[in-house]
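Residue numbers (my numbering): 95 to 1214. Since the structure comes first, as structure tokens, the remarks are kept for the end.
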Amino acid sequence: MPWTNTQQWLTEEESTLLSRVPLLRRFVSVPDQTAHEHLRQDIADALSTWAENSETEVADCRQLYQTTLKEPWLRSDKKAATDRAIPTLDDITPIEQQIDALNQQLESAVETGTAAYDIEHTPPTSQQLWCAYLTKSELEQFNDLKRQLTALQAAVKIRDDVETIRRRHRNLCRPSTSLRKYDEYLPSDEQQQLIRKLESLVSRVTDARNQLETPPQAVRDRLDELESQLRADREFVEQYNEGGENIEGFVAHEIERSRHLFEEYDDENHSLNTKQAQAVVRNNRANQVVAGPGTGKTVTLTARIAYLIHELGVDPEEIIALTLTNSATEEMEQRLEEWFDINSVECSTFHSFGLNIAMDYLDRPRDLIVGDDILNFIKDTVPERRRTDPEFREFYAEFLRRLNTDLLQQSEFDTREEFFEARREKRYTTLKGEEVESHAEKKIADWLFEHGVEYRHEDLATWAETAADKGSYNPDFYLPDHDLYIEHWGLDENADVAPWFSWTSEEYIEKLLWAREQFETAEKFGLINTYEFQHENGRLEQVLAHRLELNGVSLTPKSTTQLIEDTYQYNDVEGQIYSKFKDFVQKARQFNLSRDEIRRHLTEDDPRQYYFGQCGIKLYEDFAEYIDANRLMIFSDMISTAIDAVADPGTAYADQYEHVLVDEFQDVSGMNVELLSRFTDGADNPRLFCVGDDWQSIYSFQGSEVKYFVEFGDHFAPHTRTMLTKNYRSPSQVVRTGEALIEHNDKQISKQQRVESGTEADPQLHILPDGSRYEYKESVGEFAAERTQRYLEDESAVPEDIMILCHLDRGAPYLDAVKTKLEQRRIPYDGKDDQYRTNSGPWSAVGYDDDCVSVFSIHQSKGREAEHVIILHATDDDDGIPLADRDNLLAPVEPVDTNSEAEARRLFYVAITRAEQTLDICTQRGNQSKFVNEIEAHLTDIHQLNALDSADDTVTVEGVVTTINDDSHESKQQEGTFTDETGACQFIIWDGTDVTMLEQQMRYQLRGVRVDEFQGRVQLHLTEATEILSLGKADSEPESTDTIVEAEVQSLFDDLPDNIQQKGYAWDGSEELYVTVWSGNDSPELSEGTTYQFINPRLDEWKGTTDLIVHSDTRIEPAE
């Protein structure tokens, strides 16, 4: 309340002093009562003026006092002058003018207080007056009183300042009286505004205090009291949401009030933890929840919706939950109804959300076209462009010529050794789809193809000499119409081979001379030799043309159109090219790129990308015209149109909702972020609630950018971030493994997870043997299937408890190999686009139709989990992780950094963190991924028995003791056979070694077992340093380790040498391979078009292709 009485805040002494103002009349006498009253009124007016903070009027009042005291007609109380006439202003003015001249004469009168003399020269209109003056002591007393009154004037001004501060304080707090009851969350912008106002009032109190040199104690106390109250209020506002030492805080209060909603929300009586509950009730303008794997992302998001409806009374129709996939939308709807009995909240994908707004906003709705529609447009447009546009046709032909050219540059490798090794393994694909060993061979093959010369690559020369040390002879190219062979020799001008050759120069030249000898004795066949130095000098095609013409070979260059058609005839790449063009135009439109922007990223230094991009620009132009002419739109158009709609001031789309929630925010695109920003910008617009984890951002190829999650506050403000750190899914070892991996990335949110799963299991790294690609693929499939069967038998798991992951799905042979092995064991599985069910065995479809092993790519596993996770092919090659893929055809239309190493690491992190119990990672000996190297300290390395050699020193192996010998030598305590899914070897415990004896038919993990070799065979030596972990009794004898290859014989060769009974091509469902049946076998004769099971063949490799060799121990049976 305002202070209406000054004495309420002055001390008694100060109040007495102020009350003495009327006593001024004791020092003066006035001619009559009217003048006396005037003086009293003047003093009262002066006090009123001070109260109104008017310094000017106070000064005028003070002048009035001085003038009044100087008037000669004011006599002392010793001599009344009541009979005198009251002087007018004209009378007073000349008297004032004389006062200064009389000062000297009045000094003695002032000393004594008596009249000095009679004034002889009085004003003309006045009577003779006697002038009496104050004594010196009275004057000092009077002046002291005036000084005190001046101080009181300042105090009165401060009183009014303080009253103003208190009034503003009351007004500031009046709208927020609900804060004291914790009725609502205080958004950060309102909170900061309140804090700034309170700080301003504190500053005003400080300024008021500084105006007084020695303020009265009551004033000082009052100021201190007010400042303390203001500071206390500031602290309360500052800690209102989250609480403090003496403040409960809204969040804690609200959690307690809503506890009935957060406890036992599901059938298993789960309850939200503190962090989850905090995330739910925090209600800033924008709210970010960082939710790592297994921390309860879904329940937090759905509980937020339930809280808004049940606790804050928000209308369900004013809430929308946005996801990135249809499956996520379905899961959210299911959880809302299952956990909180809510089925009236709109759950939608971003695309559907944008589509609804766009369709409502547009004057004339547009039809949506999706991927297949765009692909069909490409299929129709490319042939038309080739027919009518010569420039396009030339660009297209140049692209085809370079379609499968992927040159290795030494600058791309850290060391010369790595470059040389890559060159040894590198294969090149011709226009006909064949794999050749060098770029020069590809150039020869493509040149022959383009000039209409029929050829066969590495056709077996059955007429040539054969020998055990040389094998069969397969020259590089055979021209059947001319009985002419072409051999390209990798020799430079000094007759030296390249450093990466496995042959020495001398060995290679010996091979060259031997080949020439074959043709010297062969009257029917001719030979053309070309050399690497001709290729390097750019003369290879010229030399080839000249020598072919000398041998009577006519050259008929194909037209561009014919070249394209023939390429498709030989090589089924048309679909792949069209799919790439579809991605090109789709991404160009998604990122709203102009033709000039795309061209700036094209350079002839990368001719394949250059010619593809030039074609893509023309198709992009056609696509834009097609879209507009037919009033169509693609997914990205929906979002861009929705952005325009929300930004239009004439619309009110943002008014439809009070709250917008977003799932998996780490995978949103820039357009998604712009739409959300437009939708939620402003205090009256919807509140935003986003859940995600930057460590799991893996969709850059769809336009997502992790920076929007990491830098959330830069795009949505004011915001609050809540970290969910309790992991309820994975064992601590798995969690720490994932953290060790992801810490190698920068520009991310730092977090340390707390493990609450209650399970313990060491992640295992399984090192599979090297060898041919076919052998490795088979070992990967066998490993995964055997591991799956073991979990089903030994760990009491069911198929749906197991997840098998690989970096890629289509194009990677490893998942196909796994599926084949699972089918052989009658184990059901679900893939991306396929599935397998069985009507027999323990996992028949009867009763187990949905109980299947998941066989997925890592991307498909996002949002899933399994008790047992097996990660395949963690290697450093084209199908591994990270990919060694150099295909960058789409780079000019991808402003987002796609397929970066950081994202590949996040992808591997996602795979690791799917595991609820066990985690098995398999890699290839000598070729393991750099990501595996980064986490190897957290893994237990399990070597497969067929991947061991004596150079391994000590290793960890896992398997079953299948036999124990009874007649061991006296130097041995125990010996027997140790078997895993890849093979078997002898184990030995030497006499005197203090270790536990092994038991037959028991499964063990042997850590630190020493690898040795005896008579060319690997042995396991258990020492006192070996740690023996018993894994329980094996349920049965390990299944046969027979290698079974099922393949269809497609064609068989004629005119074979005597030592080969049959040879031809076969197809095993994933790749083409040779089949070779040596003479002398009792094997049944193979027939073209028939599928066989080859049991225990020897797998070799020739010219980059797997060679399935049938020998005396191989059985052949027709496939079922």
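Glycine is no exception: its CB is placed at the ideal position from the N, C-alpha and C atoms. Nothing here was measured: the structure is a model prediction, and the numbers come from that model.
Residue(s) in a DSSP beta bridge with residue i
i	result
Gln1022	Thr969
Ile1058	Gly1070
Lys1127	Met1096
Trp1084	Lys1066
Cys441	Ala415
Ala1141	Tyr1186
His1037	Ile861
Exposure label - residue i; buried when at least 16 CB within 10 Å
i	result
Gln827	buried
Ser1206	exposed
Pro857	buried
Leu983	buried
Pro281	buried
Gln1109	exposed
Gly786	buried
Ser734	buried
Arg702	buried
Ala491	buried
Asp457	exposed
Arg694	exposed
Asp1162	buried
Gln656	exposed
Beta strand (DSSP E) segment containing residue i, residue limits
i	result
Arg1104	Met1096 to Phe1108
Ile1215	Look at the range of the chain in this structure, 95 to 1214, and you will see that residue 1215 is not part of it.
Pro1212	Arg1209 to Pro1212
Trp597	Taken as a continuous stretch (DSSP letters only), Trp597 belongs to no beta strand (DSSP E), as it is neither H nor E.
Lys1157	Ile1154 to Trp1161
Tyr572	Phe571 to Leu573
Leu755	His753 to Val756
Short CB-CB distance (under 8 Å) between residue i and chain C
i	result
Gln1038	Although the question refers to chain C, the structure presented lacks it and comprises just one protein chain.
Residue i, DSSP secondary structure in three states
i	result
Leu782	strand
Met453	helix
Cys1079	strand
Asp677	helix
Tyr714	helix
Met1091	coil
Asn623	strand
Tyr705	helix
Tyr579	strand
Gln846	coil
Asn1175	coil
Val800	coil
Val1169	strand
His813	strand
Val1112	strand
Lys291	helix
Phe950	strand
Asp590	coil
Asp699	coil
Unbroken alpha helix (DSSP H) run spanning residue i, endpoints
i	result
Trp424	This sequence places Glu at residue 424; Trp is not what is there. Residues Asn420 to Phe434.
Thr735	Phe729 to Ala741
Gly875	Arg867 to Asp888
Ala1225	Look at the range of the chain in this structure, 95 to 1214, and you will see that residue 1225 is not part of it.
Ala1119	Looking at the DSSP string, Ala1119 is not in any alpha helix (DSSP H), and its letter there is neither H nor E.
Leu769	Gly764 to Thr774
Leu642	Leu634 to Leu644
Leu899	Per DSSP, Leu899 belongs to no alpha helix (DSSP H); it is in the beta strand (DSSP E), Ile896 to Cys900.
heavy atom of the ligand GDP below 7 Å from residue i C-beta
i	result
Arg1111	For the ligand GDP, the structure offers nothing, since it holds no ligand at all.
Which full runs of the alpha helix (DSSP H) of 4+ residues lie inside the stretch 902–936, going along the chain? 907–918
Unbroken stretches of the beta strand (DSSP E), 3 residues or longer, contained in the stretch 306–392: 380–385
Sequence ranges, beta strand (DSSP E) only - wholly within the stretch 991–1020, length at least 3: 1009–1018
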